[in-house]
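**Student:**
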Amino acid sequence: MKLLRSICHMGIYEYTRMPFGIKNAPAHFQRMMDTIFQEGILAGWMVVFIDDIIIYSETWEDHVHYIDRVLKLLAVGHKVSGLSLAIDQNKVAEVLQKTLPRNIQDMQSFLGFASYYRNHINNFAHITSSLYKLCSKDVVFEITKERRDAYDRIKYELTNTPVLILTDFELSFKLYIDAACSQGLGASLHQRQIVDGEPRE
Numbered sequence: 033m034k035l036l037r038s039i040c041h042m043g044i045y046e047y048t049r050m051p052f053g054i055k056n057a058p059a060h061f062q063r064m065m066d067t068i069f070q071e072g073i074l075a076g077w078m079v080v081f082i083d084d085i086i087i088y089s090e091t092w093e094d095h096v097h098y099i100d101r102v103l104k105l106l107a108v109g110h111k112v113s114g115l116s117l118a119i120d121q122n123k124v125a126e127v128l129q130k131t132l133p134r135n136i137q138d139m140q141s142f143l144g145f146a147s148y149y150r151n152h153i154n155n156f157a158h159i160t161s162s163l164y165k166l167c168s169k170d171v172v173f174e175i176t177k178e179r180r181d182a183y184d185r186i187k188y189e190l191t192n193t194p195v196l197i198l199t200d201f202e203l204s205f206k207l208y209i210d211a212a213c214s215q216g217l218g219a220s221l222h223q224r225q226i227v228d229g230e231p232r233e
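When we follow our numbering, the leftmost residue of the sequence shown carries the number 33, and every step to the right adds one.
1) Could you tell me how far apart the beta carbons of LEU143 and LYS187 are, in whole angstroms, since I believe they sit closer than 8 Å?
2) Report the option in VAL195, ARG224, ALA219, ILE39 whose CA atom is closest to the CA atom of SER204.
3) Is any non-hydrogen atom of the ligand ADP found closer than 7 Å to the C-beta of ASN122, if you look at the structure I gave you?
4) Identify every residue that forms a DSSP beta bridge with HIS60.
5) Using the Cβ count rule (16 or more neighbours within 10 Å means buried), how would you classify VAL79?
6) Using CA coordinates, which residue listed in GLY218, ILE82, LEU132, SER220 is at the minimum distance from LYS177?
7) Between which two residues does the beta strand (DSSP E) containing ALA118 stretch?
8) Per DSSP, THR210 forms a beta bridge with which residues?
9) Give the secondary structure of PHE205 by DSSP, where H, G and I count as helix, E and B as strand, and everything else as coil.
10) With respect to the alpha helix (DSSP H) encompassing VAL102, which residues constitute its N-terminal and C-terminal limits?
11) On the DSSP bridge assignment, give the partners of CYS167 in chain order.
12) Can you pull the DSSP bridge partners for PHE45?
13) Given VAL171, which residues of its chain have a CB within under 8 Å of its CB, disregarding the five upstream and five downstream residues?
14) Once DSSP output is grouped into helix, strand and coil, what is the label at MET78?
15) Report the option in ILE159, VAL195, ILE153 whose CA atom is closest to the CA atom of ALA182.
16) On the DSSP letters alone, give me the boundaries of the beta strand (DSSP E) that ILE242 sits inside.
17) Grab me the residues of GLN62's own chain with a C-beta within less than 7 Å of its C-beta, minus the 5 sequence neighbours each way, in chain order.
18) Could you check whether THR193 and HIS152 sit closer than 8 Å to each other, using their CB atoms as the reference points?
19) Nearest to GLU71 by alpha carbon, out of VAL102, ILE44, PRO58, LYS55?
Here it is, written out as structure tokens:
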């Protein structure tokens, strides 16, 4: 990414993700995928081409086992079952033990980590709005009570998040929209399903 930096009168900019159209991007992406899935590739039960993955096996049991291993690699930081998606608490434990961020870089790192799990945290944008403002240009880095409370709330939510049930496209959906808050527009898509014999949304 550093090779793609652009300099202008407003500063230096660089991509945070692989952009489309770069000549060597496919080769770099392929190398990354080969590294991530090298166990299956070397063992001979999978083939990866860019973002396409083929898994093959001789028995049904082996196939299910291989799929489970691949899903664990793809869903980094999540626990995936046949019906649900949950946060892997082993992945968040190290971050939760850290102290309050002391500078902008630490805060940006924490927010980036927490944002990865934002689908599990209700009102994530509202809770973190004061923390994101702290990362703005020309803002003095000062931890107020409001910001400390927001930081602690996100840490709490990361350890008490709901398990997300996978979508059933045979059932109806409910769309909730909130445009009344000053932070912007909020929306969430819900579905009522029967889980462990009880209706849940």
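Virtual Cβ for every residue (Gly too), placed ideally from N, Cα, C.
**Tutor:** On the basis of the coordinates in this document:
1) Position 111 of the sequence shown, counted from the first residue, corresponds to residue 143. Position 155 of the sequence shown, counted from the first residue, corresponds to residue 187. With a Cβ gap of about 12 Å, LEU143 and LYS187 do not count as contacting.
2) Here residue 204 is taken as the residue at index 172 of the sequence shown, counted from 1. Among VAL195, ARG224, ALA219, ILE39, the Cα nearest to that of SER204 belongs to ARG224.
3) Questions concerning the ligand ADP fall outside what the structure shown contains, since it holds no ligand whatsoever.
4) Position 28 of the sequence shown holds residue 60. Partner residues in a beta bridge of HIS60, as assigned by DSSP, do not exist.
5) Along the sequence shown, read from residue 1 onward, the residue named residue 79 stands at position 47. Exposed.
6) Along the sequence shown, read from residue 1 onward, the residue named residue 177 stands at position 145. Checked all of GLY218, ILE82, LEU132, SER220; the closest Cα to LYS177 is LEU132.
7) Taking the sequence shown and counting its residues from 1, the one referred to as residue 118 is at position 86. Here the beta strand (DSSP E) through ALA118 covers 116-119.
8) For this step, residue 210 is matched to residue 178 along the sequence shown. Before going further, note that residue 210 is Asp rather than Thr in the sequence given. Residue pairing for ASP210: DSSP places it in a beta bridge opposite GLY218.
9) The count along the sequence shown starts at 1 and reaches residue 205 at position 173. Assigned with DSSP and collapsed to three states, PHE205 falls in coil, not helix or strand.
10) Taking the sequence shown and counting its residues from 1, the one referred to as residue 102 is at position 70. The continuous alpha helix (DSSP H) containing VAL102 extends over residues 92-106.
11) Counted from its first residue, the sequence shown places residue 167 at position 135. Beta-bridge pairing links CYS167 to no other residue.
12) Taking the sequence shown and counting its residues from 1, one reaches residue 45 at position 13. At residue 45 the sequence reads Tyr, which differs from the Phe that was named. Answer by DSSP bridge pairing, in chain order: SER38.
13) Looking up residue 171 in the sequence shown gives position 139. Contacts found: LYS165.
14) Along the sequence shown, one-based indexing puts residue 78 at 46. In this structure, MET78 counts as strand in the three-state DSSP scheme.
15) Stepping through the sequence shown from its first residue, residue 182 is reached at position 150. Nearest C-alpha to ALA182: ILE159.
16) Nothing can be reported for residue 242, as the shown portion of the chain is limited to 33 through 233.
17) As a first step, residue 62 is located in the sequence shown; it is residue number 30 there, counting from the start. Excluding five sequence positions before and after GLN62, the CB atoms of its chain that fall closer than 7 Å to its own CB belong to ILE82, given in chain order.
18) On the sequence shown, residue 152 is found 120 positions in, with the first residue counted as 1. On the sequence shown, residue 193 is found 161 positions in, with the first residue counted as 1. In this structure, HIS152 places its C-beta atom within 8 Å of the C-beta atom of THR193.
19) Position 39 of the sequence shown, counted from the start, is the residue given in the question as residue 71. Ranking VAL102, ILE44, PRO58, LYS55 by Cα distance to GLU71 puts VAL102 first.
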